[in-house]
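Trainee: First, the structure itself, so that you have it in front of you.
Numbering (this note's numbering), first residue to last: 5 to 298.
Set out below in structure tokens:
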């Protein structure tokens, strides 16, 4: 029996792992991750998975060890990797929003701007990006790699400032730190090896996976709404709907009535349903979405 063709896909191990597996699940893939294995199983015989730290992903994709993978834009820049950026998947550890790498110092520090870092010591995982940022601002400082517990190093006076990843800034504030400036923003990227992407079969397989992932992300935190509406109330109800696209309107067998269907953000539904009911909508149904493909 001939073995099926496969692409080797890298999934990020660490902070992005849980969110990535959730998005793949919404996209229709069943992935099983064993605690002791770096090779998850997937219900697609044309895909072989490998768990790799996001920090290293783009290097392995560039070198051809992986055909494609998921990593952050920050680590692509840090490694200066020559990979194809096929899609911006826009999700982070806790949300679908971009994350920021920020320069932070003690709240009691005199450091107010990047210029105040002249001659200072900075700790970060994002060494090369930080060094480029300082050069652009004509600042000379010592940037050292941090193996962890970066936020505590300012408090212990091991360094004068840090460059750290944040989504909300809450952890920095809790450790007595203030944000001085943003170094860069980063979103999650689907990247591919240039040689692999020239292979027609691999290109088609990779593009199909990207399409499904983008559909899952587009559906994230959105729901579908169905309802029955009298003809006289259609315009009034349509004005209430912050629709993704124009709502679908279909005539019912019941004379003078229509079935209206649309997609909205889940956070507004509990208020919106009450407004729709008051405007004359009946038989309102809310349903979850897994994918939304344009």
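Each residue gets a CB set at the ideal place from its N, CA and C atoms; glycine is no exception.
1. Kindly list the residues whose CB is nearer than 7 Å to the CB of residue 75, restricted to its own chain and excluding five residues on each side of it in sequence; keep chain order.
2. Rank 55, 26, 49 by C-alpha distance to the C-alpha of residue 39 and give the top, closest one.
3. Take the Cβ of residue 116 as the centre, count every other Cβ of all protein chains shown within 10 Å, and call the residue buried at 16 or more, exposed below.
4. Can you check whether the CB of residue 185 is closer than 8 Å to the CB of residue 102?
5. Please name the residue in 256, 244, 264 whose C-alpha comes closest to that of residue 282.
6. From 127, 161, 119, pick the residue whose C-alpha is nearest to that of residue 142; which is it?
7. Compute the distance between the beta-carbons of residue 33 and residue 47, then report whether it is under 8 Å.
8. Out of 220, 222, 268, point me to the one whose CA is closest to residue 242's CA.
9. List the endpoints of the continuous beta strand (DSSP E) containing residue 282.
10. Here's the rule: buried if 16 or more other CB atoms are within 10 angstroms of the residue's CB, otherwise exposed. What is residue 218?
11. Leaving aside the five residues before and after residue 280 along the sequence, list all residues of the same chain whose C-beta is less than 7 Å from its C-beta, in chain order.
12. Going by other Cβ atoms of all chains shown within 10 Å of its Cβ, with 16 needed for buried, is residue 14 buried or exposed?
13. Tell me the DSSP bridge mates of residue 228?
14. Using DSSP with H/G/I as helix, E/B as strand and the rest coil, what is residue 131?
15. Just to confirm my understanding: we take residue 145, look at its own chain, exclude 5 residues before and 5 after, and list those with CB closer than 6 Å. What are they?
16. When you compare only the Cα positions, how much space is there between residue 5 and residue 24?
17. Between which residues of its own chain and residue 9 is the CB-CB distance below 7 Å, once the five residues before and five after are set aside?
18. Spatial neighbours of residue 254 within its chain, please: CB distance less than 6 Å, with the 5 preceding and 5 following residues excluded, ordered by chain position.
19. The ligand FAD and residue 181: does the residue's C-beta get closer than 7 Å to at least one heavy atom of that ligand?
20. What does the alpha-carbon distance come out to for the pair residue 82 and residue 65?
21. Going by DSSP, what residue range makes up the beta strand (DSSP E) through residue 169?
22. Can you have a look at residue 257 and say buried or exposed, based on whether 16 or more other CB atoms are within 10 angstroms of its CB?
23. Suppose the cutoff is 7 Å on Cβ atoms and the five residues either side in sequence are ignored; what does the same chain contact list for residue 181 look like?
24. On the DSSP letters alone, give me the boundaries of the alpha helix (DSSP H) that residue 176 sits inside.
25. Provide the residue span of the beta strand (DSSP E) that contains residue 1, from first to last.
26. So residue 91 and residue 216 are in contact, right, with Cβ under 8 Å, and what is the actual spacing, rounded?
27. Can you give the Cα-Cα distance for residue 293 and residue 164, rounded to whole angstroms?
28. Below 8 Å on the Cβ atoms is my guess for residue 252 versus residue 265; work out the distance and round it to an integer in Å.
Mentor: From the atom records:
1. 16, 58, 61, 62, 193, 195, listed in sequence order.
2. Nearest option by C-alpha distance: 55.
3. Classification of residue 116: exposed, given that the 10 Å Cβ count is below 16.
4. No.
5. The shortest CA-to-CA distance from residue 282 to any of 256, 244, 264 is the one to 244.
6. Checking every option, the nearest Cα to that of residue 142 belongs to 119.
7. Yes, Cβ-Cβ distance for residue 33 and residue 47 is below 8 Å.
8. Residue 242 has its Cα closest to that of 268, out of 220, 222, 268.
9. Unbroken run through residue 282 is the alpha helix (DSSP H), 273 to 282; no beta strand (DSSP E).
10. It is buried - the Cβ of residue 218 has at least 16 other Cβ atoms within 10 Å.
11. The beta carbon of residue 280 sits closer than 7 Å to those of 231, 241, 244, 288, all from its chain and outside the five residues before and after it, given in chain order.
12. Buried.
13. Paired residues: 267, 291.
14. The answer is helix: DSSP assigns residue 131 an H, G or I state.
15. Within the same chain, Cβ atoms closer than 6 Å to the Cβ of residue 145 are found at 121, 124, 126, 138, the five residues on either side in sequence being excluded.
16. Note that residue 5 scores a pLDDT of 43, beneath 50, so its modelled location is shaky and nothing firm can be said.
17. Once the five neighbours on either side are set aside, the close Cβ partners of residue 9 are 50, 205.
18. 263, listed in sequence order.
19. No copy of the ligand FAD appears in this structure; indeed no ligand is present at all.
20. Cα-Cα distance, rounded: 14 Å.
21. Per DSSP, the continuous beta strand (DSSP E) segment holding residue 169 begins and ends at 165 to 170.
22. Around the beta carbon of residue 257, fewer than 16 other beta carbons sit within 10 angstroms, so the residue counts as exposed.
23. Result list for residue 181: 108, 109, 110, 111, 155, 158, in chain order.
24. Note, residue 176: alpha helix (DSSP H), 174 to 178.
25. The displayed coordinates of the chain run from 5 to 298. Any statement about residue 1 would go beyond what the structure contains.
26. Rounded, the Cβ-Cβ distance is 11 Å, inconsistent with contact.
27. A straight-line Cα-Cα distance of about 47 Å links residue 293 and residue 164.
28. The C-beta separation of residue 252 from residue 265 comes to about 4 Å, placing the pair in contact by the 8 Å criterion.
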